[in-house]
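2 protein chains.
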Amino acid sequence: MAVTLKDIAAEAGVSLMTVSNVVNGKQARVSAATRDRIMRIVEDRGYVPSASARSLAAKSSRLVGLLVPAEDEASLTISPHTVEVIGMLERELRRLDYHLMLRGIAHRAEITEALRSWHLDGAVLLGFLDAEIDRLNVRTVGDVALVAMDCYSENPLALGVRSDDFGGAALATEHLAALGHRRIAFAGPGFSATGVVRRRFEGYRHVLGEHGIAYDPELVSAVEITRGDGVAYGRRLARERPDVTAVVTTADLLAIGTVEGLRAEGRSVPGDVSVIGYDDADIAAYVTPKLTTVAQDLPGKAAEAVRLMMGRLAGDARPAAATTLPVRLVERETAAPPRS
Amino acid sequence: MAVTLKDIAAEAGVSLMTVSNVVNGKQARVSAATRDRIMRIVEDRGYVPSASARSLAAKSSRLVGLLVPAEDEASLTISPHTVEVIGMLERELRRLDYHLMLRGIAHRAEITEALRSWHLDGAVLLGFLDAEIDRLNVRTVGDVALVAMDCYSENPLALGVRSDDFGGAALATEHLAALGHRRIAFAGPGFSATGVVRRRFEGYRHVLGEHGIAYDPELVSAVEITRGDGVAYGRRLARERPDVTAVVTTADLLAIGTVEGLRAEGRSVPGDVSVIGYDDADIAAYVTPKLTTVAQDLPGKAAEAVRLMMGRLAGDARPAAATTLPVRLVERETAAPPRS
DNA sequence: CTGAAAGCGCTTACAG
DNA sequence: CTGAAAGCGCTTACAG
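Protein chains in written order, with the working numbering: chain A, 1 to 340; chain B, 341 to 680.
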């Protein structure tokens, strides 16, 4: 059997409580001498505290969930963007001596279940629709410290962390407009449902206005952010709207597909059409031509998520305002002045 | 407060035990009538069992760890290959009502700590060196069901799941040899330490022999599997060994970098030099030219890892033999007959 | 500075 | 088919 507090206490000839205090670093409550003696025994016996016992007895589990939408039978689709966030969250939490539980959510009820059954201290919700976050209430969530990433829900139960989506798309559109483009298309998924895409769309439209370019709804397309959908979109665009000379997209993968689709129809990038991606995923630099794209501050986003969560766990009662992280344009090879 | 078994029992007018039996589906032990009544109350009150209480009282936690090597202060580096595995493991485990804990391991001792503190039922070790798996002993591991992925350690404490590494490299080399190549280089990381790379190297060398091609140690290079290292390698190869007409690599990213480096030095791919990747990651199909590569059965690997683990948890005492999954060549655009 | 008691929410035998 | 008792390994007040 694994060694327990009791074993250590017996060997040291002290009470359970004293060992507990030593193990938890409550220095003030134990003399240096007994502390050293106990520590030595702990080391020798290779004592590891039981997290389940601890989380049952204490109010804290030191467990944080990373909840990601999932299909029932499908494996988690983890975008390049999500991967970065996972890796960074894990590091931040590990540093603070927390553990990370990764969970796909196929049904609404599973959120509550995950939070409750493991007594999670906090959770990061990644990639949920605003509406789903809106629906969270105290009954389902309890007092878990929730951080919703890339979400524009006003629900005070979830602290928000996101990038400057309006600004990112504005940056991309501005770059194209400054290059001389006038017919600029916009492609992204789920307009109505996801606030992120909506803000980016608004950034695009805003800059159009600033440059006196009339907004043309026909130039805006709902396209899923996969390479395949991008290819289809690129082909369609080339055939149906040959007048378009530039495209703002909401994801690198989508942009990469768009470039391919365009080329498949005989249009060159950036000769005939400029394309700008979003995220600056690793692949953006691998493809040919290398993708001009909008980079998010992913490490900042992960760090901020953890910072907000720890703040709430430490007792910051007032719901902090949503944090918005800066964004920047990475100029590479897919944006150039229009021909003529 | 959250509702507990006791609350449900009180409301139903039965004992705690009966509710526990109902919740855990021990049908035989409760009459249909009380079962239905209890279930209704459970639903109404939104009862969620406490996993920590359960794992403390029972021998099982229904928690599985995914342990990945990490640097102390660095965020987890999750390769495209690892991402797939994570997503698939999560799905398989979720289906079986297990939860996944993701943990970076910076020091040896953290493995024990992770396993013990959360009473993990099992763990998948992903990306560790064979030597690290070798060192695992019963004292550090207890009776946790361990699966080591992509590892050739003989340690019976960890069930092995891997692809046919020898066969994969053999397939790639065979393809090149059949195309007419005679000077075929091999590039991969950490030869001595990682069994995976060693087997692939052996596959390469074996096929060379079969084709009567003399083995030239100078054609074998230790290169980290990043795109940057690949670029450097490609340039070096172009300058120092212009006679080489083909390269077998152990990773897509490395292959992609190699192609770039080769081209930067004025060599064309596959015109002057053929390059074959490994893994068939998504990016392999995105780059230009599209990468010819060796595909692993990733879903199979994840499913097999879970299957083995569940077998052990169900009591398969005898250590199952390591499982080896098949591999296949995906022909795309980076391999062609040599010039001349 | 140290300890005895109660309790966190379950499950595991064991009775009836 | 149902239940009372003991215990899993800790922490939290509260005493001394």
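Ideal Cβ placement from N, Cα and C applies to all residues, glycine included.
Legend: CB atoms of the stretch 313 to 340 of chain A lying less than 9 Å from CB atoms of chain B are not found in any residue. Listed in chain order, the non-local C-beta contacts of A/Val306 below 6 Å within the same chain comprise Glu92, local neighbours out to five positions each way being set aside. Under the three-state reduction of DSSP output, B/Tyr573 falls in the helix class. Counted as a single uninterrupted DSSP element, the alpha helix (DSSP H) harbouring B/Gly427 occupies residues 420 to 435. Proximity of A/Val269 to chain B, defined by a Cβ-Cβ separation below 7 Å, is not satisfied.
Shortest Cα-Cα distance from A/Val64 to any of B/Leu442, B/Met379, B/Ile378, B/His421 involves B/Leu442. Taking a contact to require three or more Cβ pairs closer than 8 Å, the stretch 617 to 637 of chain B and the stretch 455 to 470 of chain B do not qualify as touching.
The Cβ of B/Thr358 sits no closer than 7 Å to any Cβ of chain A. Going by DSSP, B/Pro639 is part of the alpha helix (DSSP H) stretching over 638 to 653. Only exposed fits B/Pro496, as fewer than 16 other CB atoms lie within 10 angstroms of its CB. Apart from the 5 residues on each side of it in sequence, B/Arg385 sits with its Cβ closer than 6 Å to the Cβ of Val343 in its chain, given in chain order. Taking 7 Å as the Cβ-Cβ cut-off, the stretch 606 to 633 of chain B approaches chain A at Ile623, Tyr626, Val627, Thr628, given in chain order. Between A/Gly104 and chain B, the shortest Cβ-Cβ separation is below 7 Å.
Three or more Cβ pairs closer than 8 Å define a contact, and the stretch 166 to 177 of chain A falls short of that threshold against the stretch 125 to 140 of chain A. Within the same chain, Cβ atoms closer than 8 Å to the Cβ of B/Arg502 are found at Met489, Asp490, Cys491, Tyr492, Val536, Lys641, Ala662, Thr663, Thr664, Leu665, the five residues on either side in sequence being excluded. Annotated as distal: A/Ala10 and A/Ile41, with beta-carbon spacing of 7 Å or more. Apart from sequence neighbours up to five positions away, the residues of its chain that approach A/Phe191 with a beta-carbon distance below 7 Å are Val197, Arg198, Phe201, Ala222, ordered along the chain. Listed by position along chain B, the residues whose Cβ is nearer than 7 Å to that of A/Val83 are Ile418, Val423. Scanning B/Leu416, B/Ala572, B/Asp592, B/Asp620 for the CA closest to the CA of B/Arg603 turns up B/Ala572. For A/Val48, the chain B residues whose C-beta falls within less than 8 Å of its own C-beta are Thr452, Glu453, Arg456, Ser457, listed in chain order. Ile596: these are the residues of the stretch 592 to 607 of chain B whose beta carbon lies less than 7 Å from some beta carbon of chain A, given in chain order. For the C-beta of A/Glu202, not a single chain B residue is nearer than 7 Å; the gap to the nearest is close to 30 Å. DSSP places B/Leu460 outside both helix and strand once states are collapsed to three, so it counts as coil.
Contacts with chain A at 7 Å (Cβ-Cβ) do not include B/His447. In terms of Cα proximity to B/Gly617, the closest of B/Gly606, B/Leu429, B/Gly611, B/Gln636 is B/Gln636. For chain B, none of the residues of the stretch 204 to 218 of chain A brings a beta carbon within less than 9 Å of one of its beta carbons. Within chain A, not a single residue places a beta-carbon under 8 Å from that of B/Arg475; the smallest gap is close to 15 Å. Spatial neighbours of B/Leu356 in its own chain (CB-CB distance under 8 Å, excluding positions within 5 residues in sequence) are listed in chain order as Leu345, Lys346, Ala349. DSSP lists no beta-bridge partner residue for A/Ser55.
The beta carbon of B/Gly467 does not come within 7 Å of any beta carbon belonging to chain A, so the residue lies off that interface. B/Thr590 is not a Cβ neighbour of B/Arg523, given a cutoff of 7 Å. Judged by DSSP in its simplified three-state form, B/Pro557 adopts helix. Within the stretch 181 to 199 of chain A, no residue has its Cβ closer than 8 Å to any Cβ of chain B. Of all alpha-carbon atoms in B/Glu411, B/Val354, B/Tyr544, B/Ile565, the one lying nearest the alpha-carbon of B/Phe526 is that of B/Tyr544.
Leaving aside the five residues that flank B/Trp458 on each side, the residues in its chain whose CB is nearer than 6 Å to its CB run, in chain order, Leu403.
Given a length threshold of 3 residues, each whole run of the beta strand (DSSP E) inside the stretch 485 to 520 of chain B is given here in chain order: 485 to 489, 498 to 503.
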